[in-house]
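> Please see the structure below; I have some questions.
In the numbering used here, the protein residues as written are 5 to 338.
The following block contains the structure:
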């Protein structure tokens, strides 16, 4: 079996859309990738840079994309035609995407892997990506033919790779998170210098961006903490309590001097630790508010990842753990 890897050609986009449907049916998370015209626009504008593997009959047999996210890139939309799996194609495609991101001068690249299976997690680990967060129950159940037939919401693992790593970071870290954040940053080979809690008064105005998704999630990106944030957050929580949304995820800058003061406010509203999204100048603490966790549906390929996940479970006493298999509380490392 032969194949080669290159950037996608415009006339191959319909093949990609058809391949997604062959693999996932109508359950693929990125619904816009079913739309041929939308995929053409994404690739033409370079918002999605698609690499493909081409088989013996000049057919598209696999895809991995690079989505530009400011100074970072997200490696995403990775899939391989069923009969071509287990031939190292996913790894070689992913390696090409990582190399291309470096050529573009990006600061870093990250991968968000599903936790139903560990294939994509293993590829990311082999390429040097480091575990930094778990977004619990983040997606609608996916059907991955031959691998996944899920009935519970899908959780995601975030892994991160610096191209240009800082030697150290000065961050405001709540005392209860120092141990787990030290674990994550040490694994990234970055020394963190915790800054003392600020005595400055709480500013009036915040800078936030609230996004709702088709997967019934709400993402609150907090660039600047301020008093008005809590009022806006309470509105989102009301939607959560009324089952209009399933989950809420907060992204909070650890460079903001008010982190210590607001962290207690967030935890009092039942937000709990998810992890971090690192960066050279923009490190985000991720907190989440979800109704239940299905530990047995989450597979983890690394001991560091398992330790992060254990901290997540232990950081929220009132979370509902739904175990299909009662033999173990935490996922096994595979």
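Beta carbons are placed, not taken as given, at the ideal position from N, Cα and C, and that holds for glycine.
Go ahead and label residue 257 buried or exposed: buried means 16 or more other beta carbons lie within 10 angstroms of its beta carbon, across all protein chains shown.
The residue labelled residue 257 in the question sits at position 253 within the chain shown. With 16 or more other Cβ atoms within 10 Å, it is buried.
> Residue 98 bridges to which residues according to DSSP?
In the chain shown, counting from the first residue as 1, residue 98 sits at position 94. Paired residues: none, contrary to the question.
> Rank 79, 90 and 140 by C-alpha distance to the C-alpha of residue 131 and give the top, closest one.
Against the chain shown, residue 131 aligns to sequence position 127. The option with the nearest alpha carbon to residue 131 is 79.
> Count the other C-beta atoms from every protein chain shown that fall within 10 angstroms of the C-beta of residue 74, then say buried if there are 16 or more, exposed otherwise.
The count along the chain shown starts at 1 and reaches residue 74 at position 70. By the 10 Å Cβ count, residue 74 comes out exposed.
> Judging by CA-CA distance, which residue of 35, 171, 226 and 123 is the nearest neighbour of residue 215?
As a first step, residue 215 is located in the chain shown; it is residue number 211 there, counting from the start. Nearest C-alpha to residue 215: 226.
> Compare the Cα-Cα distances from residue 53 to each of 63, 255, 17 and 39 and report the closest residue.
Here the question's residue 53 lines up with position 49 in the chain shown. Comparing Cα-Cα distances from residue 53 to each of 63, 255, 17 and 39, the minimum goes to 17.
> Return yes when the Cβ of residue 233 is within less than 8 Å of the Cβ of residue 210, no when it is not.
As a first step, residue 210 is located in the chain shown; it is residue number 206 there, counting from the start. As a first step, residue 233 is located in the chain shown; it is residue number 229 there, counting from the start. Cβ atoms of residue 210 and residue 233: closer than 8 Å.
> First and last residue of the alpha helix (DSSP H) that includes residue 272?
Numbered from 1 along the chain shown, position 268 holds the residue referred to as residue 272. 263-272 is the extent of the alpha helix (DSSP H) around residue 272.
> Checking 8 Å against the spacing of the C-beta atoms, do residue 230 and residue 201 come in under that value?
In the chain shown, counting from the first residue as 1, residue 230 sits at position 226. In the chain shown, counting from the first residue as 1, residue 201 sits at position 197. Going by C-beta atoms, residue 230 is not nearer than 8 Å to residue 201.
> What is the DSSP secondary structure of residue 117, reduced to helix, strand or coil?
If you number the chain shown from 1, residue 117 lands on position 113. Strand at residue 117.
> Nearest to residue 83 by alpha carbon, out of 287, 64, 77 and 76?
The residue given as residue 83 occupies position 79 in the chain shown. Here the closest residue by C-alpha is 64.
> From 185, 166 and 219, pick the residue whose C-alpha is nearest to that of residue 77; which is it?
Walking along the chain shown from the start, residue 77 turns up at place 73. Residue 77 has its Cα closest to that of 166, out of 185, 166 and 219.
> Would you report the Cα separation of residue 145 and residue 205, rounded to the nearest angstrom?
One-based indexing of the chain shown puts residue 145 at position 141. One-based indexing of the chain shown puts residue 205 at position 201. So the alpha carbons of these two residues sit roughly 44 Å apart.
> Taking just the CA atoms, how far does residue 138 sit from residue 311?
Here residue 311 corresponds to residue number 307 of the chain shown, with the count starting at 1. Here residue 138 corresponds to residue number 134 of the chain shown, with the count starting at 1. Approximately 11 Å, taken between the alpha carbons.
> Give the straight-line distance between the Cα atoms of residue 11 and residue 38, rounded to the nearest whole angstrom.
For the purposes of this step, residue 11 is identified with residue 7 of the chain shown, where counting begins at 1. For the purposes of this step, residue 38 is identified with residue 34 of the chain shown, where counting begins at 1. One C-alpha to the other measures close to 19 Å.
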